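>
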Amino acid sequence: MTNCLYYGDNLDVLGEYISDESVDLIYLDPPFNSKRNYNVLFKDTGGAESAAQVEAFSDSWHWGETSEKAYHLMTEYAPAKLVELMRGFRGFMGESDTMTYLTMMAIRLVELHRVLKENGALYLHCDPNASHYLKIILDIIFGGGGFQNEIVWYYKGAGISPKRYGRRHDIIFYYTKGVNWKFNADDVRVPYADTTKERFKHYIGNIRNGIDFGEQSLHPLGKHPDDVWEVPIIAPSAKERLGYPTQKPLELLRRIILASSNEGDIVLDPFCGCGTAIDAAQELNRQWIGIDITHLAIALIKNRLKDKYGDLPYRVIGEPVDLAGAEALAQANKHQFEWWALSLIGARPMGGKKKGADRGIDGVIYFQDDKTNKIKSILVQVKGGRQVGVAQIRDFCSVVDSNHAQMGVFITLAEPTKPMKSYAVSQGYYKPPIWDKQFPKIQIITIGDLLQNNKIERPPAYLTDKTFKQAERHKPEKQLEF
Ligand SMILES: C[S@@+](CC[C@H](N)C(=O)[O-])C[C@H]1O[C@@H](n2cnc3c(N)ncnc32)[C@H](O)[C@@H]1O
């Protein structure tokens, strides 16, 4: 079974786990430095970018040790022409953010070309800020015959500058590797325009080179698809929207997957975000591989798949599975540890440089448990240190109180002390208004407990869990929307 989510840098994961010529279709939608929020999966309840993610990624797009290493690796490993091109880019761009981005992309595109089957296809989703540079890189990697289309994804939207035309499209490059690629045009035909249908009701007098082609009919499945796709962005109120700013419409991914793969084929998304390509691949009976560098994305995809498909069999590689792994993650990266720990109890991150009353809140679970629309909260603090003490619980309780939260959960890697446990118990209980049950107001749970699948006590999800927006349940017979 291929279905697998990998946590990690896709360059490492590809090198370690994905063998040569093993993938039928690759879709990638990498972050771009001109849009910092491309890496950000969440907006806070007020609509601001999640501070934790901005902080975690804010250095990603400046030239530094990582880019220098990637550049060096590329010069050793990439085809000579690409090395020459990248040297040229560096000559005129210097060590700019764009050069950082292109270096990151070039080395990964070489790897993606390696894992693609001879009859496979790659779709690179980017925006017009960098597409022209990326196209030259792709032309070199895929060779002369590889370029098939520059697909323009056109969408309507608000927000214009009075100084230029509205920017209303993304670019998706479609490249193939060998000469026998799949292209299932019939699966992605689009409706004919009404005027065309009207014209074809009559004899259209199609005479070319003196030959009368007589009556011509329209294809029963619709028009051959063009390279300009008008697909609406996901409306803020759409059921499909899970709340992540970079989420792409399922319809876009369905189109790509239907056109360039068959049932059972392997689809790879190395920047899988909240998992749109994974979801579409699952829906269309393809096998899938997703890679993302944040535990947050992996947690979101797990939720998305569970909500839509129930208990699907798949593997997750790269998450801690024992205390040693959790400790290693806590040491290596505070944010990733926090996001992973929060995902174990279904909380979403708050994070970042918190001020005032927010200090000490790492995550939150929202819920509603009465007939009013009041959204209630369970605040979460995560501690990855080797020692914890009662002062930390005291501080956390006052944060819970000052934020008027209903409950608080303290997740700790270290074992809590007796005074910590007694202080937590002394905080009493939360009683939902319409349910005859009570929950400890402050709970301490260890990473060890969570790894053994122990759960926190909380009002159940059926009283409407507002933490993550839920994916709509999959109905296999549902008609495609284009
Ligand atoms: C633009 S988002 C992808 C959105 C996705 N297409 C969707 O519909 O949800 C880019 C994703 O790439 C991930 N990412 C960035 N650098 C990465 C890397 N080196 N390896 C793996 N994933 C990475 C980010 O964490 C982010 O989730």
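Under the working numbering, the first residue of the sequence shown carries the number 77, and numbering increases by one thereafter. Beta carbons are placed, not taken as given, at the ideal position from N, Cα and C, and that holds for glycine. No experiment lies behind these values; they were computed from the predicted model shown.
Could you give the DSSP three-state label for Thr-488: helix, strand or coil?
Stepping through the sequence shown from its first residue, residue 488 is reached at position 412. If DSSP states are grouped into helix, strand and coil, Thr-488 belongs with the strands.
> Suppose you measure from the CA of Ser-95 to the CA of Leu-188; what does that come to, to the nearest Å?
Within the sequence shown, the letter at position 19 stands for residue 95. Within the sequence shown, the letter at position 112 stands for residue 188. Straight across, the Cα-Cα distance linking Ser-95 with Leu-188 is about 10 Å.
> Can you find a heavy atom of ligand 1 that lies under 7 Å from the Cβ of Lys-315?
Here residue 315 is taken as the residue at index 239 of the sequence shown, counted from 1. Not under cutoff, so the answer is no.
> Is it buried or exposed for Arg-184, if we count other Cβ within 10 angstroms and need 16 for buried?
One-based indexing of the sequence shown puts residue 184 at position 108. Looking at its Cβ environment, which holds 16 or more other Cβ atoms inside 10 Å, Arg-184 is buried.
> Checking 8 Å against the spacing of the C-beta atoms, do Ile-437 and Gln-468 come in under that value?
What you label residue 437 is simply residue 361 of the sequence shown in a count that begins at 1. What you label residue 468 is simply residue 392 of the sequence shown in a count that begins at 1. Inclusion of Ile-437 and Gln-468 in the CB contact set at 8 Å is not warranted, their separation being larger than that value.
> Check the C-beta distance from His-496 over to Gly-465 and give it rounded, since I have them as a contact under 8 Å.
For this step, residue 496 is matched to residue 420 along the sequence shown. For this step, residue 465 is matched to residue 389 along the sequence shown. Looking at the sequence provided, one finds Met at residue 496 rather than His. Indeed, because the Cβ distance is near 7 Å, the residues count as touching under 8 Å.
> The beta strand (DSSP E) with Leu-200 in it runs from where to where?
In the sequence shown, residue 200 corresponds to position 124, counting from 1. Per DSSP, Leu-200 is one residue of the beta strand (DSSP E) stretching across 192-202.
> If I measure Cβ to Cβ from Asp-345 and keep anything under 6 Å in the same chain, skipping five residues before and after, which residues do I get?
Along the sequence shown, one-based indexing puts residue 345 at 269. The answer, listed in chain order, is Tyr-103, Ala-353 and Gly-366.
> Restricting to Cα atoms, I'd like to know which of Asn-282, His-300 and Val-191 is closest to Lys-253.
Position 177 of the sequence shown, counting from 1, holds the residue named residue 253. When only C-alpha atoms are compared, the closest one is Val-191.
> From His-138 to Leu-178, what distance separates their C-alpha atoms?
Position 62 of the sequence shown, counted from the start, is the residue given in the question as residue 138. Position 102 of the sequence shown, counted from the start, is the residue given in the question as residue 178. Distance between the alpha carbons of His-138 and Leu-178 is about 12 Å.
> With the cut-off set at 8 Å, would you say Ile-393 and Cys-350 are in Cβ contact?
By 1-based counting over the sequence shown, the position of residue 393 is 317. By 1-based counting over the sequence shown, the position of residue 350 is 274. Cβ atoms of Ile-393 and Cys-350: not closer than 8 Å.
> With a floor of 4 residues, list each alpha helix (DSSP H) that falls wholly inside the stretch 267-306, ordered by position along the chain.
270-275
> By Cβ distance, which residues of its chain are closer than 7 Å to Ser-337, with the 5 residues on each side in sequence left out?
Numbered from 1 along the sequence shown, position 261 holds the residue referred to as residue 337. Taken in chain order, the residues that qualify are Asp-100, Leu-101, Lys-258, Val-343 and Arg-362.
> Of the residues Asn-195, Met-162, Cys-348 and Glu-152, which one's Cα is nearest the Cα of Asp-85?
For the purposes of this step, residue 85 is taken as residue 9 along the sequence shown, with counting starting at 1. That would be Cys-348, whose Cα lies nearest to the Cα of Asp-85.
> Tell me the rounded alpha-carbon separation between His-245 and Val-228.
Start at 1 with the first residue of the sequence shown, and residue 245 comes out as number 169. Start at 1 with the first residue of the sequence shown, and residue 228 comes out as number 152. Computed Cα separation, rounded: 6 Å.
> Quick check on Arg-228: does DSSP put it in helix, strand or coil?
Within the sequence shown, residue 228 is the residue found at index 152, counting from 1. According to the sequence displayed, residue 228 carries Val and not Arg. Strand.
> Should Phe-168 be labelled buried (16 or more other beta-carbon atoms within 10 Å of its own) or exposed?
By one-based count along the sequence shown, residue 168 stands at place 92. Under this definition Phe-168 is an exposed residue.
> Is any heavy atom of ligand 1 found at a distance shorter than 7 Å from the C-beta of Gly-504?
Residue mapping note: residue 504 aligns to position 428 of the sequence shown, counting from 1. For Gly-504, the distance from the CB to the nearest heavy atom of ligand 1 is not below 7 Å.
> Pick from Val-159, Met-175 and Arg-163: whose alpha carbon is nearest that of Thr-142?
As a position in the sequence shown, residue 142 is number 66, starting the count at 1. Of the listed residues, the one whose Cα sits closest to Thr-142 is Met-175.
> Does the Cβ-Cβ distance between Ile-248 and His-201 come in under 8 Å?
Along the sequence shown, one-based indexing puts residue 248 at 172. Along the sequence shown, one-based indexing puts residue 201 at 125. Closer than 8 Å, so yes.
> Can you find a heavy atom of ligand 1 that lies under 7 Å from the Cβ of Ala-156?
Locating residue 156 in the sequence shown gives position 80, counting from the first residue. Not one heavy atom of ligand 1 sits closer than 7 Å to the Cβ of Ala-156.
> Under 7 Å: does the beta carbon of Asn-379 sit that close to some heavy atom of ligand 1?
Within the sequence shown, numbered from 1, the residue matching residue 379 stands at position 303. False, no ligand heavy atom lies under 7 Å from that Cβ.
> Do Pro-396 and Trp-416 come within 8 Å of each other at the CB atom, strictly closer than that value?
For this step, residue 416 is matched to residue 340 along the sequence shown. For this step, residue 396 is matched to residue 320 along the sequence shown. Closer than 8 Å, so yes.
> In its own chain, which residues sit with a C-beta less than 6 Å from the C-beta of Leu-87, not counting the 5 before and 5 after it?
Counting from one through the sequence shown, the residue named residue 87 turns up at place 11. Cβ neighbours of Leu-87 beyond the five flanking positions: Arg-184.
> Under the three-state reduction of DSSP, which class applies to Asn-416: helix, strand or coil?
In the sequence shown, the residue the question calls residue 416 occupies position 340. According to the sequence shown, residue 416 is Trp rather than Asn. Reduced to three states, the DSSP call for Trp-416 is helix.
> Pick out whichever of Ser-237, Ala-146, Gly-340 and Asp-302 has its Cα sitting closest to the Cα of Leu-360.
Indexing the sequence shown from 1 puts residue 360 at position 284. Ranking the options by Cα distance to Leu-360, first place goes to Gly-340.
> Going straight from the alpha carbon of Asn-260 to that of Ala-335, what length do you get?
Reading the sequence shown from its first residue, position 184 is the one you call residue 260. Reading the sequence shown from its first residue, position 259 is the one you call residue 335. Straight-line Cα distance between these residues: approximately 5 Å.
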